[in-house]
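Data block below; observations after.
In the numbering used here, the protein residues as written are 2 to 39.
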């Protein structure tokens with residue numbers, strides 16, 4: 002898991018990881034909604 006490996010990371014690097022996960026989740030949700038509506 003990303004979270005376990007991130008103990009050595011700086012807060013800035015953690016923020017970047019969180020942003021990546023956030024944007025990835027948003028895309029996943031968009032795709033899921035599109036599948037439901039079709």
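The beta-carbon is built from N, C-alpha and C at its ideal position, and this holds for glycine as well.
- Straight-line measurement puts the Cα of residue 26 at about 10 Å from the Cα of residue 32.
- Going by DSSP, residue 13 is part of the alpha helix (DSSP H) stretching over 12–38.
- Looking at the backbone, the Cα of residue 15 and that of residue 28 are separated by about 20 Å.
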